[in-house]
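S.K.: Have a look at the structure that comes next, please.
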Amino acid sequence: MLTLRPRRSLTRAVGLPVIALLVPVLLTVAWLVSPLGSAAVGLTAAVVVVLAALGVAAYIGYQRTEVVVSPHGIVERGFLGRIHSVARRDMAGVLRLETYQGDTLETVRQLFVVDATGACLFRMRGTFWDDRSLDAIAEVLDLEEIVRTEPVTLAELRASDPCLLYWFEGRGLRA
615 MLTLRPRRSL
625 TRAVGLPVIA
635 LLVPVLLTVA
645 WLVSPLGSAA
655 VGLTAAVVVV
665 LAALGVAAYI
675 GYQRTEVVVS
685 PHGIVERGFL
695 GRIHSVARRD
705 MAGVLRLETY
715 QGDTLETVRQ
725 LFVVDATGAC
735 LFRMRGTFWD
745 DRSLDAIAEV
755 LDLEEIVRTE
765 PVTLAELRAS
775 DPCLLYWFEG
785 RGLRA
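As structure tokens, this is what we get:
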């Protein structure tokens, strides 16, 4: 049994810029509302407390996110705490490919565990998971692994494999 956790560096990469943006804005708002009286300052303080609580909840949710892989299957605890299990008997293979990020030439590695019909049972994105974690999935599960070497856009992936993506992915403004 192997427990995988997402990249911890994302906490700093996302959290610090959010704090750097929010602190000056909230201080400016507090300064602007201070002449309006204590009720306005209290409301501003309440907003700050709510935003801080949401930030702490997001941090805790991210720290608790994990994937446990064994020869019997996969158990995933998601960001919002939802537990999703996939039994090994339902899995047919692992598909690995790279997708373009938006309208750039940067690519992100993706791993899909699929059933016999090609539907996605489990997915890992290279944005959140390191290469070692992606490599461990097929190895632990002992599944056939298909690697597509050419990067594709989400729209191309939706056209070729519609069962892999969420309903909202690959549907840009032009689609």
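Residues in the sequence shown are numbered consecutively from 615, following our numbering.
All C-beta atoms in this analysis are idealised placements derived from N, C-alpha and C, irrespective of residue type, glycine included.
1) In whole angstroms, what is the alpha-carbon distance linking I751 and V683?
2) Would you say the beta carbon of E770 is closer than 7 Å to some non-hydrogen atom of the ligand FMN?
3) Could you name each continuous alpha helix (DSSP H) segment of 4 residues or more that falls completely within the segment 639 to 727, going from the start of the chain to the end?
4) Less than 8 Å between the C-beta atoms of L748 and R723, yes or no?
5) Could you check how far apart the C-beta atoms of E614 and R710 are, in whole angstroms? I think they sit under 8 Å.
6) Once the 5 residues before and after A789 are set aside, which same chain residues still bring their CB inside 7 Å of it?
7) DSSP three-state label for A789, please.
8) Whose C-beta lies closer than 6 Å to the C-beta of Q715 among residues of the same chain, with five residues either side of it excluded?
9) Under the DSSP definition of a beta bridge, which residues are partnered with V761?
10) Note down the Cα distance separating F569 from E720, rounded to an integer number of angstroms.
11) For T617, which residues does DSSP report across the bridge?
12) Would a C-beta distance cut-off of 8 Å place A644 and T658 closer than the cut-off?
13) For L694, I'd like the list of residues in its chain whose CB is within less than 8 Å of its CB, leaving aside the five on either flank, ordered along the chain.
M.R.: On the basis of the coordinates in this document:
1) Numbered from its first residue, the sequence shown carries residue 751 at position 137. Numbered from its first residue, the sequence shown carries residue 683 at position 69. Inter-residue distance for I751 and V683 is about 7 Å (C-alpha atoms, whole angstroms).
2) In terms of ligand content, the structure shown is empty, and the ligand FMN therefore cannot be addressed.
3) 652 to 678, all fully within the segment 639 to 727.
4) Numbered from its first residue, the sequence shown carries residue 748 at position 134. Numbered from its first residue, the sequence shown carries residue 723 at position 109. Result yes, Cβ atoms of L748 and R723 sit closer than 8 Å.
5) The question about residue 614 has no answer, for the chain in this structure spans 615 to 789.
6) Here residue 789 corresponds to residue number 175 of the sequence shown, with the count starting at 1. For A789, the predicted model reports a pLDDT of 47, less than 50, meaning its position is unreliable and no value from the coordinates is stated.
7) Mapped onto the sequence shown, residue 789 falls at position 175. For A789, the pLDDT reaches just 47, beneath the cut-off of 50, and the residue's location in the model is therefore unreliable, leaving the point undetermined.
8) Here the question's residue 715 lines up with position 101 in the sequence shown. Short of 6 Å from the beta carbon of Q715, and not among the five residues preceding or following it, lie these beta carbons of its own chain, in chain order: V722.
9) In the sequence shown, residue 761 corresponds to position 147, counting from 1. DSSP, once it has assigned bridges, lists R710 as partnering V761.
10) Nothing about residue 569 can be reported from this structure: the residues present for the chain run from 615 to 789 only.
11) Taking the first residue of the sequence shown as 1, we reach residue 617 at position 3. Paired residues: V682.
12) Locating residue 644 in the sequence shown gives position 30, counting from the first residue. Locating residue 658 in the sequence shown gives position 44, counting from the first residue. Yes, they are a contact pair.
13) In the sequence shown, the residue the question calls residue 694 occupies position 80. Only G675 meet the Cβ criterion.
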